[in-house]
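Below: one structure, written as structure tokens.
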Amino acid sequence: MVATPQPFLFGEDHLTAGIALSLANGEVKGKISKQALQKIRESHAIVQEIIEKGLPVYGINTGFGPLCTTSISKEETRILQKNILQSHSVGVGAPIANQLAKLMLVLKVHSLSRGYSGISETTLNRILWHIEHDAIPVVPSQGSVGASGDLAPLSHLFLPLLGLGKVAYKDRILSGAEFFKETKLQAIELGPKEGLALINGTQFITAHAVMVTDRLHNCLAHADVIGAMMVEGLQGSIKPFYKELHALRPYKGTIHVAKRIQLLLEGSEIMEDHIDCERVQDPYSLRCIPQVHGASRNTWLHLKELLEVELNSVTDNPLIINKDLTISGGNFHGQPLAMALDYACLAASELGNISDRRIYLALEGNSPGIPKLLMKQTGINSGYMILQYTSAALASENKGLCFPASADSIPTSLGQEDHVSMGSISGRKALQVIENVEKIMAIELLTAAQAFEFRKPLRSGVLLEMVHQEVRKKVSFATQDRVFADDIEAGIQMVQDKTIIRVVNSVSKKKGLSLRTPFNKEFEVY
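Structure (structure tokens):
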């Protein structure tokens, strides 16, 4: 992740996925800059002027969606803004994680602070209060079609401004009324356009894209380390990782992965022992790690680049360009991220697919010195056989989840919204697949560590040796059957909390080693 500025200036500084997460996690404070505040005030004043003059502008003094030709009187504009939050709060399903909901708040503040939305300073300050006091609205996971913004989830996100909805606060779920009673806050009276500015936008999709960027990157980093350990355990060849090969097909991701694997294997006695053996080619799951992991790396990079555009964009509607120009357009449409998230979903799934193939390969017993099922006394013991059942089940489930949500569109709003992105579903599915991949990788970590053990007394390079030692702190070498679910849970924890990556980084720093490649900035900074 990228180093974060202190503090972050909403509406002015450049937001990245890493900074957004730091803000949501409370590691960095955010505030609205003086320059942004001036723009916010000017935009808000223009909205007030539109109301005073009675000029017909969508969402300010007209109805919404198919009611865009219905005029709303000056007196009714405030009622309209409150009603839109209530009428659009139609989300269903389990609530999204608090971290995702908090990310939505962060992203919304940054977008509104650009000064094109007509939001009031008072409303923005209340949203900032929620971020700073970790008072996180409860947002249902289903109900957005990702077109006129993420209307339903954003409506739920901002119901607490009115004393409605639910809030996760101090380890409890409170109703809006209970929340106000505890905090002594009072309902915000939304001015013209404010309700629409709050619920139009792509913050649900974008928050998911931030999480996908972070968690997929973690999977990619683990895939290289665990894949390298499996190459050692099964005594694969190092030649498929030579730079001379990849210079002839120079995809950035492929070169990056090949270089990292080569550095991870550097100084390995196991590799040295294999140099003159009779095996000419390894199976694809070992030999093609650079090409497969690299393709997923390239997909991740595509998402990162598009996400940074979205994070620093204004995605509500209509937009107040200046006092003479207000535009009702389609910046809220989720298609740009919807397609990229579907692509990322496939990239994650492929990491799981090749990982499952390596798990299976490790069990076959066709590598010299490696017993079938990774255990010497089988028959009475099943060894690691059934762990691969789980990885196969997860890989299969992922394939079903790879159907692109963005390939579908069902018209809504009486045909006014006749093409929608379904990007909210793209984001949710991508996170589901990544969670499954984390579990598959945990199983590969266990099988690779088991195979690695059979190479003793030969030693690997210092990085993989230290990774193996870390695994053994949590999961012992298996000489007979046991409840492997406990081992898998320990493995999942190590993957999700980035224990393995921290070990690699720590040892690299201590030993003066580096896994840097020519494309480090693209693939390791976000």
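Take the sequence shown: its position 24, counting from 1, is numbered 26 in our numbering, and each next residue is one higher. Ideal Cβ positions, reconstructed from N, Cα and C, are used throughout, including at glycine.
Taking every protein chain shown into account, the CB of residue 137 has 16 or more other CB atoms within 10 angstroms, so this residue is buried. Around residue 169, the same chain offers 137, 139, 162, 176 and 181 as residues with beta carbons nearer than 6 Å, after the five sequence neighbours per side are excluded.
Counting the other CB atoms within 10 Å of its CB gives residue 320 a total of 16 or more, which places it among the buried residues. In the displayed model, residue 413 falls within coil according to three-state DSSP, outside both helix and strand. Here residue 57 carries a coil assignment [DSSP, helix/strand/coil].
When DSSP reads this structure, residue 177 sits in a beta bridge with 168. Taking C-beta separations shorter than 8 Å and ignoring five residues to either side along the sequence, the partners of residue 435 in its chain run 347, 350, 351, 354, 400, 403 and 404, following chain order. Taken atom to atom, the span from the alpha-carbon of residue 445 to that of residue 487 is near 10 Å. Residue 424 and residue 148 have their C-alpha atoms some 5 Å from each other.
Residue environment: residue 234 is assigned as buried (16 or more neighbouring CB atoms within 10 Å of its CB, all protein chains considered). DSSP places residue 355 in the uninterrupted alpha helix (DSSP H) bounded by 337-365. DSSP places residue 467 in the helix class (H, G or I) of the three-state scheme.
In terms of Cβ geometry, residue 145 and residue 227 do not form a close pair [threshold 9 Å].
For residue 192, the three-state secondary structure derived from DSSP is coil.
Here residue 12 is not near residue 47, since their CB atoms are 9 Å or more apart. For the pair residue 153 and residue 41, the Cα-to-Cα distance works out to about 25 Å. Remark: C-beta atoms of residue 469 and residue 448 do not approach each other more closely than 9 Å.
Straight through space, the alpha carbons of residue 360 and residue 393 are spaced by roughly 11 Å.
In this structure, residue 336 places its C-beta atom within 9 Å of the C-beta atom of residue 422. Excluding the 5 residues flanking it on each side, residue 376 has same chain C-beta neighbours closer than 7 Å at 364, 365, 385, 386, 449, 452 and 453, in chain order.
Between the alpha carbons of residue 51 and residue 119 lies a distance of about 14 Å. Under the three-pair Cβ rule at 8 Å, the stretch 311-331 does not count as touching the stretch 128-136. Take residue 459, set aside five residues on each side of it, and no residue of its chain has a beta-carbon closer than 6 Å to its own. Per the coordinates, the alpha-carbon of residue 164 lies some 23 Å from the alpha-carbon of residue 117. Residue 389 sits away from residue 438, with the two beta carbons spaced by 9 Å or more. Residue 291 and residue 241 have their C-alpha atoms spaced approximately 12 Å apart.
Assigned with DSSP and collapsed to three states, residue 197 falls in helix. With a 10 Å radius around the Cβ and a threshold of 16 neighbouring Cβ atoms, residue 410 comes out exposed.
Unbroken alpha helix (DSSP H) stretches of 4 residues or longer found wholly inside the stretch 275-313: 286-289 and 291-313, given in chain order. An exposed status is given to residue 479, since fewer than 16 other beta-carbon atoms sit within 10 Å of its beta-carbon.
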